[in-house]
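Just so you know, the sequences run in chain order F and V. The numbering used here puts the first residue of the first sequence at 12, with every later residue one more than the last. The numbering used here puts the first residue of the second sequence at 12, with every later residue one more than the last.
Number of protein chains: 2
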Amino acid sequence: MRKGEETRTRILDVAEAAVLQKGFGGTSIEELIAETGITKSGFFYHFRDKNELAKALLNRYIQNDERIYDEIFSRARDLTDDPLQSFLLGLKLLSELLSDLPNGHPGCLVATVCYYERLFDREIQETNRNAVLAWRRRFGRMLRDIMEVYPPREPVNVDQLADMVSSVLEGGIVLSKTLKEPNTLAEQVLMLRTFVKMLFLPVAEMPRA
Amino acid sequence: MRKGEETRTRILDVAEAAVLQKGFGGTSIEELIAETGITKSGFFYHFRDKNELAKALLNRYIQNDERIYDEIFSRARDLTDDPLQSFLLGLKLLSELLSDLPNGHPGCLVATVCYYERLFDREIQETNRNAVLAWRRRFGRMLRDIMEVYPPREPVNVDQLADMVSSVLEGGIVLSKTLKEPNTLAEQVLMLRTFVKMLFLPVAEMPRA
DNA sequence: CAGAAAACTGTACTGCGGGTACAGGAGGGG
DNA sequence: CCCCTCCTGTACCCGCAGTACAGTTTTCTG
């Protein structure tokens, strides 16, 4: 009963690491059972097929992802009441968290699924889509709060600006992994922070006359 | 002799579409030969193994990618001498080109390879890394030209800013594909354009006193 | 137009991996 | 004591990557 959950979790842990390095198609069930020390029958007791595994993997990943953002931005909100300052602080905290990852970001499962769409059923694709929409809502909410206080210097669409956060994160992960420069991702988040700062913060100095 | 190149190209065309939809691991050689109407022996006449195919696929993709950027930004340079204006125009042209793709961007092979690293040899990983570094150099060159004329409003590292262009493109593709909203990618490029504009263009209006 | 080289086809085989089927066993809880 | 959860073991089918190699057609070249 308790043991079952534990084994399931272990399979998911091993599978997540493997999938992020080799993709779903490149990850064999045989290697997963070898590494978890389980038998093939044991594996299929927990997951009906690879699609079930992918579903469980993605759901767990998204849940954990949401938890991390919740923690970071609620911590930022605790430290300041100003919506802009707390968002900027949140991006700072996020960038610090990302640069503290010893081997760099392992990769995003949402992106992995995205580049694998045709292999999975509609349910997984919908789950993935909803994860991205949740990011849009999350960052959009914070940006709307900012806009109520600070008029943006340039006209921007809130959803598109919220998507920019996701874009830079997903793109930063790809760059960081490809370049094998773990810090690139954190730097990209800080670059985004500069953008947000510039967009909303009133101009401090006078323009050169 | 000429016929060989043609068949090879046809295989690469079919393979590229398949790989972008299902990843390398999810694409079988058997399905490629079925669609191209070739036999298995014919396939292995052109490519020693899947790794060879991946190598050819990636090299061709990168070359084409470079060609497109060359065209767009040289067209932009033809239209204006100002480095900032021509870069902003280039981003505009790029966004238009992307929003004209009927089914949205099919996906980036560099990202696919990135999420598949462990399946390929070092050579492919190096090729991929060099492709990203080429983007950094390309956009970095243009941004340096801009900085010689326009002092940035905030202190920024050129390479990081250049990487931001790649990040937004890669991330925008992931978002666009996942959301099944073809226009998201083009919008993200325009959002990036707003960022660059704000960073370099002198403030037009006075701040609210 | 001949001959060589290029561009294939056909067949037959190995071995791995996904997946199925099903029988049975250990261990804890009611 | 029995049942339920959580597995193990065995045996099998099929699709697919890759090998081997002999033979055939097409195409270029002298």
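C-beta atoms are modelled at their ideal positions from N, C-alpha and C, and glycine is treated no differently.
is_contact[residue i, chain V] using C-beta, thresh 8 Å
{"i": "Ser110(F)", "result": "no"}
{"i": "Phe84(F)", "result": "no"}
{"i": "Leu154(F)", "result": "no"}
{"i": "Gln96(F)", "result": "no"}
{"i": "Glu145(F)", "result": "Sequence check: residue 145(F) is Ala here, not Glu. No, no contact with chain V."}
{"i": "Lys61(F)", "result": "no"}
{"i": "Gly118(F)", "result": "yes"}
{"i": "Ser106(F)", "result": "no"}
{"i": "Leu64(F)", "result": "no"}
Beta carbon of residue i nearer than 8 Å to that of residue j
{"i": "Leu108(V)", "j": "Ala87(V)", "result": "no"}
{"i": "Asp174(V)", "j": "Gln199(F)", "result": "yes"}
{"i": "Ile44(V)", "j": "Lys33(V)", "result": "no"}
{"i": "Asn70(V)", "j": "Thr18(V)", "result": "no"}
{"i": "Tyr72(V)", "j": "Gly37(F)", "result": "no"}
{"i": "Val121(F)", "j": "Ala142(F)", "result": "yes"}
{"i": "Glu134(V)", "j": "Lys61(V)", "result": "no"}
{"i": "Ser178(V)", "j": "Val179(F)", "result": "yes"}
{"i": "Leu105(F)", "j": "Leu68(F)", "result": "no"}
{"i": "Arg21(V)", "j": "Leu190(F)", "result": "no"}
{"i": "Ala10(F)", "j": "Pro117(F)", "result": "Residue 10(F) cannot be examined here, being either before or after the span of chain F that is shown, 12 to 220."}
{"i": "Glu181(F)", "j": "Val185(V)", "result": "yes"}
{"i": "Leu31(V)", "j": "Thr123(V)", "result": "yes"}
{"i": "Ile157(F)", "j": "Phe206(F)", "result": "no"}
{"i": "Pro193(F)", "j": "Leu112(F)", "result": "yes"}
{"i": "Met209(F)", "j": "Arg164(V)", "result": "yes"}
{"i": "Tyr80(F)", "j": "Arg149(F)", "result": "yes"}
{"i": "Val25(V)", "j": "Val214(F)", "result": "no"}
Enclosing alpha helix (DSSP H) for residue i [first to last residue]
{"i": "Phe84(V)", "result": "Lys61 to Leu90"}
{"i": "Leu196(V)", "result": "Asn194 to Phe211"}
{"i": "Ile49(V)", "result": "Per DSSP, Ile49(V) belongs to no alpha helix (DSSP H) and is neither H nor E."}
{"i": "Gly183(V)", "result": "Val169 to Leu190"}
Exposed unless 16 or more other CB atoms sit within 10 angstroms - verdict on residue i
{"i": "Pro162(F)", "result": "exposed"}
{"i": "Ile15(V)", "result": "For the record, residue 15(V) in the displayed sequence is Gly; it is not Ile. It counts as exposed."}
{"i": "Pro94(F)", "result": "buried"}
{"i": "Phe131(V)", "result": "buried"}
{"i": "Phe58(V)", "result": "buried"}
{"i": "Gly53(F)", "result": "exposed"}
{"i": "Ser39(F)", "result": "exposed"}
{"i": "Arg155(V)", "result": "exposed"}
{"i": "Pro218(V)", "result": "Reliability of the predicted coordinates at Pro218(V) is poor, the pLDDT of 46 falling under 50, and the value obtained from them is presented with this limitation in mind. Under this definition Pro218(V) is an exposed residue."}
{"i": "Phe147(F)", "result": "Looking at the sequence itself, residue 147(F) is Arg, so the reference to Phe does not match. Its Cβ being crowded by 16 or more others within 10 Å, Arg147(F) is buried."}
{"i": "Ser187(F)", "result": "buried"}
{"i": "Lys35(V)", "result": "This sequence places Phe at residue 35(V); Lys is not what is there. Phe35(V) is buried by the Cβ-count criterion."}
{"i": "Arg78(F)", "result": "exposed"}
{"i": "Gly183(V)", "result": "buried"}
{"i": "Phe84(F)", "result": "buried"}
Simplified DSSP assignment, three categories, for residue i
{"i": "Gly37(V)", "result": "coil"}
{"i": "Gly151(F)", "result": "helix"}
{"i": "Glu27(V)", "result": "helix"}
{"i": "Leu108(V)", "result": "helix"}
{"i": "His221(V)", "result": "Summary: the structure shown does not reach residue 221(V), with chain V confined to residues 12 through 220, and so no result is reported for it."}
{"i": "Gln125(F)", "result": "With the sequence shown as reference, residue 125(F) is identified as Cys, and Gln is not the correct amino acid for it. Three-state result, Cys125(F): helix."}
{"i": "Pro166(F)", "result": "coil"}
{"i": "Pro113(F)", "result": "coil"}
{"i": "Pro218(V)", "result": "Summary for Pro218(V): the model assigns pLDDT 46, below 50, so the residue's position carries little reliability; its value from the coordinates is reported in the next sentence. Looking at Pro218(V) - three-state DSSP - the assignment turns out to be coil, as it is neither helix nor strand."}
{"i": "Asp132(V)", "result": "coil"}
{"i": "Asp156(V)", "result": "helix"}
{"i": "Gly15(V)", "result": "helix"}
{"i": "Gly118(F)", "result": "coil"}
Chain F within 8 Å of residue i, Cβ atoms only
{"i": "Lys191(V)", "result": "yes"}
{"i": "Tyr72(V)", "result": "no"}
{"i": "Ile135(V)", "result": "no"}
{"i": "Ala67(V)", "result": "no"}
{"i": "Phe35(V)", "result": "yes"}
{"i": "Pro218(V)", "result": "Unreliable positioning characterises Pro218(V) in this predicted model, as indicated by a pLDDT of 46, which lies under 50. A coordinate reading is not provided."}
{"i": "Arg129(V)", "result": "yes"}
{"i": "Arg164(V)", "result": "yes"}
{"i": "Gly182(V)", "result": "yes"}
{"i": "Lys103(V)", "result": "no"}
{"i": "Phe206(V)", "result": "yes"}
{"i": "Ala122(V)", "result": "yes"}
{"i": "Met209(V)", "result": "yes"}
{"i": "Thr195(V)", "result": "yes"}
{"i": "Leu99(V)", "result": "no"}
Cβ-heavy atom distance, residue i to the ligand GDP, below 7 Å
{"i": "Glu181(V)", "result": "By its list of ligands, the structure shown contains no ligand whatsoever, and the ligand GDP lies outside what it can speak to."}
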